[in-house]
Each structure stands twice: as structure tokens, then as C-alpha cells.
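Following: one structure in C-alpha cells, then a few remarks.
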């Protein structure tokens, strides 16, 4: 097809016609009216004397998820194409991804639709292909991505903000643009009618584009993009948000896993550990065998009870909220992309300490966390607030874990979830009034409760600053990084210095060293750990050369990191644990010897729930005995991306027990539909007949058929009570699946019952 004509290719050329359409759509009542208006608009735009054509992708650009570079005027002829202009740090771009995924589930390239993400970097670090590769994996992007490092297409089209969607017709002709997030209905409306309009004219082709997913070429890893890490100061454990595996790990300080909760696939389910699921969790905070989790892409705050071995939801409704005030009970309060959590004490908490008749200063409070809740007969309340870095609305929120009082607030009841600081505008604005201040994607929190600090430290990633919020009056102040203009979010760099003269690049984590009165910062896009003295505002590099090559053991000056996302301090100030996100590791920095090492992550024999350790050799499926019963289950209807749960409920003969030393086991197979099991955990052990596992199966996003049968084979090795006779018995469950494009409600777990 010929290259685009001379007509200007700026998005502004669409503006008059599309604005008229959008005004008309406001008055439309029925879906038929809306469809008709868009159809008429396309007739008008398609009838222009000359197409408003998109320029060709420049030669030499780097592509991901494709077999070879794509050409607009060779490969995309006959397709409706959506260009997604994004940068991977941007929370608004991240919010758009579920809408694009839903569109891809509805229409494929065979239907005539293709999505291409055009990466137009904000930060220099985001121009590097390896870093974009990591983001493509982290956010599970399964369509072509092109690295337009010099933003040439962005500039030619005069794109002005992230994210921007441009919808193209089958001739590379621009049809619509959508700016920002939150336009799912329009995206589906414009796409569906464009497909219909051009199909009516015979201009849609069903040929496939060569897709080759980058993730399929990767080796397995025990951790995948760990985002945050925290220390349980009482029990000598670490809690790791294993973000890419969608799970939370509780590990001993030697790296041995005690609990693995959730994973390997994203989901949103409360309940016992073996059934619970998360979606890209980030911040974690632990106290008294209770972990709170910022379940980022579920837009939830979750609570993990390690004693009851259960997960529950304490804030959020599971879909992205737009409320910037809050005030409802947690589980009824919509929230948006919580990124970090940290415990704090309300004014009521401090007040009750004083009422206890103790001669304590606020600096004594953290030490009380491991002690009894009653001292000299009076209850001491502490840690009654969960502070939340709400990246999605650019604010700091609070969840009341007990009734309490925030600065300049009336007393609030337990369970209330509300905004504490930040107007909701994306700015670098400091102010004595917390609601008039503004943040830009706050992503890390740490608390210094003791005087003279008495503040929250905030890693404000998109303004490349670290800020403080007073716990006494809520005043928001600048500490290091950025610049004075609150609207300028491009004042980044890698400069050691004082206050505003220091420069950071998209910091994601902070942690307070109470022993030394120092703040450590994960300066993520500079691939360094910085240290800040809040008294002098001096910021300096502590570790990291800025190189992303993974040096696994070295001294501070030679050490390397790759987009570290979180950090925490432990061992009474001796060790600094770093979530080295893109290296898929937890690094351990010894602040006394100045050495850096890698924490090995490994499973124990009695790990409660085994996560996706793909490094283990897969078991070989034994031959099923001819006598094994084949139980055909009732068909189940599910949609792409949905997770099904199969609960084993097997009964042995009275007095029998599982044979020691011979692992009973289960296997998933799908003869003729092997695509169904790609990326799944296909087998597992049955260690205890009284606590049988739940088997998870996530329906792939790209289904090759709408009907399939998955088989669950179970092999039990058991002995009579006196061990006089041992035997192996097997049973085969066949589960027919009907896969639909329609979003399904929660599918009840399927119970696999059999009495031997």
C-alpha cells in the first residue's frame, strides 16, 4: 500500500470531528443511537478527500513480542490498529492495561484488531530496551511493543500526554484518539463499530501477525520482580512481595520459605492460604503474626492472618476507585493502586500511652510492638493506623485499625479508610495543609515516629522527590530531589547534594534507620541506594554503580542493582534488605562491613503452601491402572483469564494411612488442548489426607478453542493401619470446560470426591 499522503498527521486534525461526535454521544440514550452516531462519524471521516494518515514506524526501532519489525503499510493493511502511547512508570498507563487486555479477549487479529504499544519514555532509564523488557513481563503485555526511544512518532503526531490511544483504520488512517485513562466504554464502542464499518466494506483481513512473546524465552526464577520487602522484628522473618508471581512469601532470615501465599497466576480470592490469590502485590507490613498487603492491581488492602492461615480484604472493592476523599468502612471504600503500607499510631494512640501512667517518649513506642498490650493494668494502644501510599490517586490515605484520631480530624471509628494528604492532582506541591499539598504517584512510605522527626517519609516517584508529612499537623514538606515549580515533574537526575540540588530518578522505596537517624532511598531508575540525612538534607549514593549488570556479591562501591523497588532495615540497624526488582533477588547490605550479598530463596520440606518453583523437575505421569474409575464431572463455564479451583476430597478405607516415603500425587492433563496448561503447575504432592490440596487452573487469555476437557489424575499410596499391606489406587476426574467471552461471576470451587 502507498505511504501516507502529504496531509498533516497531527492528532489535532481529528479534534473538530471527534469533539462533535462526543457531544452527540452525550445526548444519545440507547446503545443503538450510540452505534449509529459512531457509524455516521466513520462514514464522514472515511469520506475525507485525503486520509489523516499515521506515519510509518521509523526503521531500526527495537520491537518486543514480535517475530520481526512491523510496518504500518505492509503488515497492518486490513486491520483496525490501536496505538497505545505509554511509558512504563506511569500509573495511568498501568491502569489502562486491563482495558486493553479485555479488548484483546473480545477481538483478535483474526477479527481484524491489533494493539501495538508505542513506548515513549519519560525518564532516560526507560529508553533502555532491557528495562522495557522487564516492564513487558511485569505487566504481562502480550501484544507487540515498539521502543520509540526518541519519541519520533509521539512528536510527529503531537501526542501530549501518557497514556494516549490512537485508533487507526485499515489504510493506516487515523479515526479516533483517547487521552488518559478511564475511557473503556468509548474504546470498546469505537473499536467495535470501526470493525463493523470496514467489514461491511470488505476491507478487514483476517491474516495473523507474527507474535513471539518475550516471556517464553526466559529461564525460571524463585522470585519474579519482587517489589517490596519488610522485616518482622519480633520473629526473625522477612515478608517479600513476590510481585511477578502474584504471591506473598514469609521467609526466615536464611531464605527458607515458611509460607507461600497466592500465585503463580493473578487472582482475587480470600480464604485459606491454598485458595487465596493476589494481583501484583507491592507494599507489605507485619505485626503480631498479621501482614497487611497493598494488593496493587486488585485495588485492595488485604490482611494475612498467619495463625489462622487465612486471607481477608480490609479495604477496597476490587475495582479501581476514583474517590479522592474516602471515609467509608474499608471494605466498602473504593481505592486506586495502593503501592505501599506502613503502620503508624494515631493521636488517640499516643494519648492512651500517656493515660497508662508511663514515663515514655514517642521514641519508646516502636519497642512496645513486641510487648503485651497491657502495661500496669492500663491498655496501651499503638500501631492503630495503616498508612497507604495511594499511587493511583496521588495521595496518602489511612486505614484505621482501631478507633483513633488523625491530625486535624475528628475521632474516627475502626475500619474507616480515608484520604490524609494530597489533593489528588498529580503535582509536586508542598503545603502546611495536607489536603492542599499534592503528590505524583507516591510509591514508598516509612515512619519516623520519634521526636524531632515525627513524620512519614514519602518516595514520590513521578516528581523524583522524597517528601515528609508531619504526624502532628499533616504539613507536607520537601526533603530532597525535584525542583520548586510544583508543576514540573521532569526535574530528575542522578546528583548527590543537599535538598533541591540533589537529584533522583523515580524513587520507589524509603526506610528509616532509627539507630543512625538516616533515611535510605531506593533510587530506582538510577539503580542505586541513596542515604539522606534529614537534619542537613544531604543526599549521597550509598551503594550501586548505576550499572544494571548483576554483581551478586561485592562491596558497596562495586555493587549493582536493577530498578530496586523497596527496602527495609533489620538486625537493629545492621542489615539493609533490598528488593532488587529487575534482578529478581533480595539483596542484603551489611551496613557495618559495607558488603552486599544475595539472599537465597529456597523451600523447606514442610512449607505450608508451595509456590511456583519452576526450577524443580516436573514429575512423570504414572500409567493409570485399568481399574481406576473415570469420573466425568458436570461442565463448567468460564471466561479467559479466570481461575478455577479443584478441591480434592478423597477418603481412604477406615484405618488406612498414606504410605510414608512414597509421595501420593496429582496431575493435570488436557489431551488435544495442551495450550490450556501452558504456564500452569501441572502436578503436586498429597502429603496429608486430612489436609488435601486445592488445585488451581487459570484459563489462558488466548484460547485456541471454546471447548476443552481437563483431566485430574490422582494417585494415592496407602497402607492399612498395621502396615501389613500397602497399595496404590488411582482415580481420574474429567472436567469439560466451556469457555466464553462473557465475563463470568466467581465460579464455585469444584469438589473432587471419591471414596476408595
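Numbering (our numbering), first residue to last: 7 to 762.
For glycine and all other residues, C-beta sits at the position ideal for the given N, C-alpha and C.
Distance check between residue 399 and each of 100, 148, 496, 479 places 100 closest, using alpha-carbon atoms only. Counting every other CB atom within 10 Å of its CB across the protein chains shown gives residue 165 a total of 16 or more, marking it as buried. Using a Cβ distance threshold of 8 Å, residue 662 and residue 724 count as a contacting pair. For residue 115, the closest of 643, 210, 51 by C-alpha to C-alpha distance is 210. Annotation: residue 590 to residue 584 spans about 11 Å, alpha carbon to alpha carbon.
In terms of Cβ geometry, residue 491 and residue 511 do not form a close pair [threshold 8 Å]. CA-CA distance, residue 112 to residue 427, rounds to 39 Å. In this chain, the beta strand (DSSP E) harbouring residue 539 covers 534–539.
Just measuring C-alpha positions, the residue of 687, 545, 695, 689 sitting nearest residue 665 is 695.
Here DSSP, grouped into helix, strand and coil, assigns residue 708 to coil. Residue burial annotation: residue 681 is exposed, with fewer than 16 other C-beta atoms found within 10 angstroms of its C-beta. Under DSSP, residue 241 forms no beta bridge with any residue. Residue 444 places its beta carbon 8 Å or farther from that of residue 514.
Contact check between the region 646–663 and the region 702–715: three or more CB pairs, one atom from each, fall below 8 Å, which counts as touching.
In the same chain as residue 267, and ignoring 5 residues on each side of it, the C-beta atoms closer than 7 Å to its own belong to 253, 254, 279, 282, 310, 317, 615, in chain order. Closest option to residue 326, judged by alpha-carbon separation, among 347, 304, 284: 304. Taking residue 676 as the centre and dropping the five residues before and after it, the same chain places the C-beta of 682, 683, 714, 715, 716, 717 closer than 8 Å to its C-beta, in chain order.
A direct Cα-to-Cα measurement between residue 132 and residue 315 gives close to 40 Å. For residue 47, the closest C-alpha among the options 57, 63, 26 is that of 26. Measuring C-alpha to C-alpha distances from residue 496 to each of 516, 468, 504, 674 identifies 468 as the nearest. The residue among 578, 597, 604 with its C-alpha nearest the C-alpha of residue 586 is 604.
Contact between residue 720 and residue 656 holds: CB atoms are separated by about 7 Å, below the 8 Å threshold. Here DSSP, grouped into helix, strand and coil, assigns residue 196 to helix. Per the C-alpha coordinates, the member of 596, 572, 570, 569 positioned closest to residue 579 is 596.
In the same chain as residue 567, and ignoring 5 residues on each side of it, the C-beta atoms closer than 6 Å to its own belong to 533, 550, 586, in chain order. For residue 474, the enclosing beta strand (DSSP E) begins and ends at 471–476. Distance from residue 421 to residue 520 at the Cβ level is roughly 30 Å; contact not present, criterion being Cβ atoms closer than 8 Å. Assignment of beta-bridge partners to residue 486 by DSSP yields 472. A distance below 8 Å between beta-carbons, with the five flanking residues on each side excluded, links residue 756 to the following residues of its chain, in chain order: 639, 642, 650, 651, 652, 653, 741.
Where residue 439 is concerned, there is no enclosing beta strand (DSSP E), because DSSP gives it neither an H nor an E. For residue 264, the enclosing beta strand (DSSP E) begins and ends at 263–268.
Inclusion of residue 262 and residue 739 in the CB contact set at 8 Å is not warranted, their separation being larger than that value. For residue 272, there is no enclosing alpha helix (DSSP H), as DSSP marks it with neither H nor E. Contact between the region 41–55 and the region 194–210 is present, with at least three C-beta pairs closer than 8 Å. Taking a C-beta distance under 8 Å as the contact criterion, residue 306 and residue 322 qualify as a contact pair. Rounded to whole angstroms, the gap between the alpha carbons of residue 84 and residue 104 is 25 Å.
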